[in-house]
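In what follows, a structure is listed as structure tokens, so that the remarks can point back to it.
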Amino acid sequence: EVQAVSNGYNLNFFAGFENAAPPASCVSGITLANPPTRPTDIPLAASLQNSEEAHVVVGVAERMMDWAGYQLWEGGTLCIEAGTRLSPLLSTGLFSVLIGSIKGLAFPDLVAPLAIGLRPQTPPDVTIGAGTEEDPIIQVDLEALELDFYVWSTERYVRMMTFRGDLHIALDLQFTDTGEIVPVIQEIGATNTSVFDSELLTEDPAALASAVNGVLPLIKSFAGGLIPTINLGELLGDTLPVGLDLGPDTLRQVIEGDDRFLGVFVDLALPT
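Mapped onto our numbering, the consecutive letters of the sequence shown carry residue numbers 1417 to 1688.
Printed below as a string of structure tokens:
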């Protein structure tokens, strides 16, 4: 829909997400008690429709982000494996400080690579925050997330334990002068934690769960590597004859009734 206004035009459109492929093998055996349905009743916030605060204004509904997260979850996109190539911290050298019996599994070397496999048991729940330090702009909760820990032993990876917990991640999106969008993990933590299938280790499962909680701040440091930096210049190429002016107020929380939106406010600028 195109609307003429006093100083330009409003171009209103809606977009959505749909996974046409069958569920991925890592989630195909999971039955959700209340699977989400595609939202079709989200009115665009009036403050986004009629905003004159920026040249280009985009609103992404929180409920639509939840639906998109469900589609990504069902498609297996969130079933991620990370190893030493992602971060040298993933090795028995670090983890053996907290879990001493790992050394007995690494053979023939005492120091060996580790790998972690993420198996989310539920779709991510997204919350649009106020964009403050206490309430980050994007927050993601993954209930009953399972992390499989593997150690390299006798020329293969061996699963040594599985960690389960409710994971909370807080994200911030920062903008550089060169037009890059840099996702930053501000916070990562887990509650309701437990460890099972740890018979190869001598430590008590409760102690193992506490040890994994202790290294979550370190996991935060390399987990950001899973989220790529977005270079708008490379993404748009020569398709736009103008530049984009991005600043600290580009992303804002917008509330309309019971719905929250991620408001994106962008000014156009002369190309550099």
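Here a beta-carbon is modelled for each residue, glycine too, at the ideal position from N, C-alpha and C.
Residue i, enclosing alpha helix (DSSP H) - first and last residue
i     : result
F1677 : Unbroken run through F1677 is the beta strand (DSSP E), 1675 to 1685; no alpha helix (DSSP H).
G1509 : 1508 to 1511
L1667 : Here L1667 belongs to no alpha helix (DSSP H); instead the beta strand (DSSP E) covers 1667 to 1672.
L1464 : 1462 to 1465
Residues of its chain near residue i, where Cβ-Cβ distance is below 6 Å and the 5 sequence neighbours each way are ignored
i     : result
N1539 : It should be pointed out that residue 1539 corresponds to Pro in this sequence rather than to Asn. Once the five neighbours on either side are set aside, the close Cβ partners of P1539 are G1485, Y1486, W1489.
E1469 : F1681
T1607 : D1582
E1358 : Outside the modelled stretch of the chain, which goes from 1417 to 1688, sits residue 1358, for which no answer is possible.
I1544 : E1478, Q1669, R1676, L1678
V1598 : Q1590, T1645
G1605 : H1584
Q1555 : T1543, G1545, A1586
P1439 : E1490
S1614 : M1577, P1621, L1624
S1467 : V1473
G1663 : none
Cutoff 7 Å; reference residue i; Cβ partners in own chain excluding five residues on either side
i     : result
I1671 : none
A1546 : Q1669
H1471 : V1682, D1683, L1684
E1630 : Correcting the residue identity first, residue 1630 is Gly in this sequence and not Glu. Correct list, in chain order: L1514.
P1536 : W1489, L1494, L1558, L1561
W1483 : F1433, P1452, R1454, P1455
K1519 : T1508, S1512, L1526
T1666 : F1591, V1680, F1681, V1682
Q1602 : P1552, A1586, L1587, D1588
Terminal residues of the beta strand (DSSP E) in which residue i lies
i     : result
G1533 : 1530 to 1536
G1475 : 1472 to 1477
L1660 : 1659 to 1661
Cβ shell of residue i (< 8 Å), same chain only, five flanking positions each side left out
i     : result
E1619 : I1515, G1516, S1517, A1627
L1404 : Within the shown structure, residues of the chain are numbered from 1417 to 1688, placing residue 1404 beyond reach of any answer.
F1612 : M1577, T1578, R1580, P1621
M1481 : V1542, I1544, L1678
D1661 : V1682, D1683, L1684, A1685
G1475 : L1460, A1461, L1464, V1670, F1677, L1678, G1679, V1680
A1437 : G1491
F1523 : S1569, T1570
I1458 : A1477, R1479, M1480, D1675
V1600 : L1587, D1588, L1589, Q1590, G1640
P1633 : I1604
Anticipated Cβ contact below 8 Å, residue i with residue j, distance rounded
i     : j     : result
L1616 : L1521 : 6 Å
R1575 : D1564 : 6 Å
T1609 : A1625 : 4 Å
I1496 : L1534 : 5 Å
Inset, instruction - Please list the segments of the beta strand (DSSP E) lying wholly inside the segment 1543 to 1631, counting only runs of 3 or more residues, in order along the chain. - result: Taken in chain order, the whole beta strand (DSSP E) runs of length 3 or more contained in the segment 1543 to 1631 are 1554 to 1569, 1572 to 1591, 1596 to 1612.
Inset, instruction - Check whether the segment 1561 to 1571 touches the segment 1584 to 1591, counting contact only when three or more Cβ pairs, one atom from each stretch, lie closer than 8 Å. - result: The segment 1561 to 1571 and the segment 1584 to 1591 do not touch, with fewer than 3 CB-CB distances between them shorter than 8 Å.
Inset, instruction - Say whether the segment 1440 to 1453 touches the segment 1490 to 1499, bearing in mind that this needs 3 or more beta-carbon pairs closer than 8 Å, one atom from each stretch. - result: They touch, by the three-pair rule.
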